[in-house]
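In my numbering, the protein residues as written are 37 to 580. Using N, Cα and C, we set each Cβ at its ideal position, and we do this for glycine too. Here the structure is a predicted model, which means the values were calculated and not measured. Only one structure is covered here, and it is reproduced in the block below.
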Amino acid sequence: MVKVKTLTTVTSRLALWSLARQMFVLQVVVVLVTVVACTVLTSLHVHRLLTDEAAMTTRRVAISVADSPSVLAALGDPDPSAALQPYAERIRSETGLDFITIMNTQGRRYTHRNPSQIGKRFLGTIAPALAGRTFTETYTGTLGPSMRAVTPVRDAAGRVRGLVSAGITIQKISEQVRGQIVSAVLAGLLGLVAGLAGTYLAGARLRRHTHGLRSAELDRMYDHHDAILHAVREGLLLVDTGRRLTLCNDGARELLGLPADAEGRPVTELGLPASLAELLASGEDRSDEIHLTGERVLVVSSSAVRSGSRSLGSVVTLRDHTELQALTGQLDAERGFAESLRAAAHEAANRLHTVVTLVELGRADQAVAFATEELRTAQQLTDRVVGAVREPVLAALLLGKTAEAAERGVELSIGPDSELDDVVLNPRDLVTILGNLIDNAVEAAMNGTRPARVHVRLSAGDGVFLARVADSGPGLPADAAEMFRRGWTTKGDGRGLGLAMVGQAVRRLGGTIEAGQEDEGAVFTVRLPIPDGAARVAGGTAPS
């Protein structure tokens, strides 16, 4: 129970550490265990290698001495030690062994490192060698425990005439092992120092990037971050300094129609409009810029992100203003209609005042004639518009634009062959298309020759809605090919949006728009497909 409680206390304390500190301690433990384990394994391996090497060395030396003709010849002398002792000591000194003992078949020594041991019995096993086999063993002799090899000395007939033993003490092997172990330990300590230094640097970098937060805090931050990204309806993009998209939420994917593999790709390869791609790649601070995609009107803001003097890229937010822009266009149309009613009311008041004055002056006949003429003129305009265009939204738009143009000194006329009943097309898109084309035409006509005129023709037939708007202005400029791009304007202020929205609405309805030049000015022709049975043509001809 006490152990469990202690373990729980330690775990609780570890949880209070920052992630960087936990990783540092973990890496230190891993490095220590790795270095210690490698050192121990290296020491064991070195001990085994040196032991094997000692056995092989003693075996080779013993066999070489036994194969020497001088050794075999000396064994037949009356005093073999006189010739063999100097020879054995010389070989021992050259090979670095601790002893080379040459003996007879009864184990009596002819040579020894300690001359006082000559003539005494060899301490060790000799039976295998007497049987003609070379072998190695570890045995405790006069010099202490040693690794030794024993081999027979044979004559020409193959008979065993003597024995040779060559050995190295275990103490000497251990000294060599200790030397190698010291080297291994020093290498291990060097590796430990390097590992701890690398661990410290890695921990410092991790601490800098995690801001000293604990793992639970980082996990909670990630959950909140992920939840916010999925919950926010507005689009959010992160672009790094290499102009690559590093993050986008669900809102941005929907608004921009981004592919599943958008993250990690350059913003210029995402199929975005050129102006929007340029904004994303610029990394500059932008505020509430309007950009058009194929289907939407977006308000885009960009903010550069920095850490000290280092640039980290930019954060881009997207807000969908498609519906708001459409409603704004419809509101402008309604406002124009209301303004035309106000102007008409003002003109009606002037005309009524004129009629009253004529009556007070006793000119009743002139008052009646004036009032009748004014009523007939106003009624003709209304009848002509409403009679030609029985689509209520477009009729209201044309009446308002006619009055507005008249106030600005521009004559707006409806083609006599215009015949249009209700069409099942989005009225907001129709208001956007026709309203912006008429506004641009009126503006152009005011800058052209006098009298300023705008001519509108509307019709539907063969499943196609046709809108044609012509003006008496100066015509199309040289950069007319860019007129349906955001920012193009005839005013030269770089803030044009009307024609860009016209192009967007036309594309959304699956239609086409053409810009041409007439003798007096420019002409824009819009053709929109109408679903079967969605339009009724009241005696009009097919659009051309």
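Just to confirm, is the Cβ distance from residue i to residue j under 9 Å?
{"i": "Val492", "j": "Gly539", "result": "no"}
{"i": "Pro510", "j": "Gly484", "result": "yes"}
{"i": "Leu159", "j": "Val196", "result": "no"}
{"i": "Ile154", "j": "Ser117", "result": "yes"}
{"i": "Arg149", "j": "Phe171", "result": "no"}
{"i": "Leu85", "j": "Val189", "result": "no"}
{"i": "Val478", "j": "Arg444", "result": "yes"}
{"i": "Val229", "j": "Ser79", "result": "no"}
{"i": "Leu545", "j": "Asn462", "result": "yes"}
{"i": "Val460", "j": "Pro567", "result": "yes"}
Give the DSSP bridge partners of residue i, in chain order.
{"i": "Tyr175", "result": "Ser182"}
{"i": "Met139", "result": "Arg145 and Leu199"}
{"i": "Ser449", "result": "His491"}
{"i": "Ser347", "result": "Arg342"}
{"i": "Pro565", "result": "Val500"}
{"i": "His327", "result": "Leu334"}
{"i": "Arg84", "result": "None, per the DSSP bridge assignment."}
{"i": "Glu550", "result": "Thr561"}
{"i": "Leu274", "result": "Leu283 and Val351"}
{"i": "Thr187", "result": "Val200"}
{"i": "Arg157", "result": "Arg144"}
{"i": "Thr205", "result": "Ser182"}
{"i": "Val505", "result": "Val492 and Phe560"}
{"i": "Asp356", "result": "Leu334"}
How many angstroms separate the CA atom of residue i from the CA atom of residue j?
{"i": "Ala506", "j": "Leu433", "result": "17 Å"}
{"i": "Pro309", "j": "Thr329", "result": "6 Å"}
{"i": "Gly523", "j": "Ala340", "result": "For Gly523, the predicted structure reports a pLDDT of 49, less than 50, and the residue's modelled location is therefore unreliable. A value from the coordinates is still provided. Cα-Cα distance, rounded: 23 Å."}
{"i": "Ala192", "j": "Ala102", "result": "13 Å"}
{"i": "Ser495", "j": "Glu270", "result": "40 Å"}
{"i": "Ser100", "j": "Gly224", "result": "40 Å"}
{"i": "Ala570", "j": "Gly497", "result": "Here Ala570 scores only 47 on pLDDT, less than 50, and its place in the model should not be relied on; the value that follows carries that caveat. If I take the Cα positions, the gap works out to 10 Å."}
{"i": "Gly287", "j": "Val490", "result": "42 Å"}
{"i": "Asp113", "j": "Glu125", "result": "19 Å"}
{"i": "Ala349", "j": "Leu315", "result": "Note that residue 349 is Gly in the sequence shown here, rather than Ala. Approximately 12 Å between the Cα atoms of the pair."}
{"i": "Ala73", "j": "Glu299", "result": "44 Å"}
{"i": "Thr561", "j": "Val351", "result": "40 Å"}
{"i": "Pro579", "j": "Arg504", "result": "Model confidence at Pro579 stands at a pLDDT of 41, short of 50, so the residue's coordinates are unreliable and nothing is read from them."}
{"i": "Gly547", "j": "Val336", "result": "27 Å"}
{"i": "Gly194", "j": "Ile162", "result": "17 Å"}
{"i": "Thr93", "j": "Ser152", "result": "26 Å"}
{"i": "Leu273", "j": "Arg464", "result": "30 Å"}
{"i": "His389", "j": "Leu397", "result": "12 Å"}
{"i": "Pro487", "j": "Val392", "result": "33 Å"}
{"i": "Val76", "j": "Ile209", "result": "18 Å"}
{"i": "Pro513", "j": "Ala442", "result": "26 Å"}
Can you find the residues in the same chain that come closer than 6 Å, C-beta to C-beta, to residue i, ignoring five residues on each side of it along the sequence?
{"i": "Ser347", "result": "Thr277"}
{"i": "Leu111", "result": "Arg197 and Gly198"}
{"i": "Ile549", "result": "Val542 and Val562"}
{"i": "Gln216", "result": "Val82"}
{"i": "Thr174", "result": "Met183"}
{"i": "Ala98", "result": "Ala185, Thr187, Val200 and Ala202"}
{"i": "Thr205", "result": "Asp134, Leu179, Gly180 and Ser182"}
Where does residue i fall in DSSP's three states?
{"i": "Ile474", "result": "helix"}
{"i": "Pro463", "result": "helix"}
{"i": "Leu397", "result": "coil"}
{"i": "Asp286", "result": "helix"}
{"i": "Gly194", "result": "coil"}
{"i": "Leu545", "result": "coil"}
{"i": "Ala315", "result": "Checking the sequence, you will find Leu at residue 315 rather than Ala. Reduced to three states, the DSSP call for Leu315 is helix."}
{"i": "Gly523", "result": "Confidence is the limiting factor: at Gly523 the pLDDT is only 49, short of 50, which leaves the residue's position unreliable and the question unanswerable from this model."}
{"i": "Ala296", "result": "coil"}
{"i": "Arg214", "result": "helix"}
{"i": "Arg444", "result": "coil"}
{"i": "Ala165", "result": "helix"}
{"i": "Pro302", "result": "strand"}
{"i": "Arg486", "result": "coil"}
Closer than 7 Å by C-beta to residue i: which residues in its own chain qualify, once you throw out the five before and the five after it? Chain order, please.
{"i": "Val64", "result": "Leu232 and Thr235"}
{"i": "Thr176", "result": "none"}
{"i": "Asp321", "result": "Ser338, Ser339 and Ala340"}
{"i": "Ala220", "result": "Thr75, Thr78, Ser79 and Val82"}
In chain order, what residues of the same chain have a beta carbon less than 8 Å from the beta carbon of residue i, not counting five sequence neighbours either side?
{"i": "Leu291", "result": "Gly271, Thr329, Arg332, Leu334, Leu354 and Asp356"}
{"i": "Val303", "result": "Val275, Arg279, Arg280, Leu281, Ala313, Leu316 and Ala317"}
{"i": "Gln207", "result": "Gly180 and Pro181"}
Chain C beta carbons: is any one of them nearer than 9 Å to that of residue i?
{"i": "Arg280", "result": "No chain C appears in the structure shown, which is made up of a single protein chain."}
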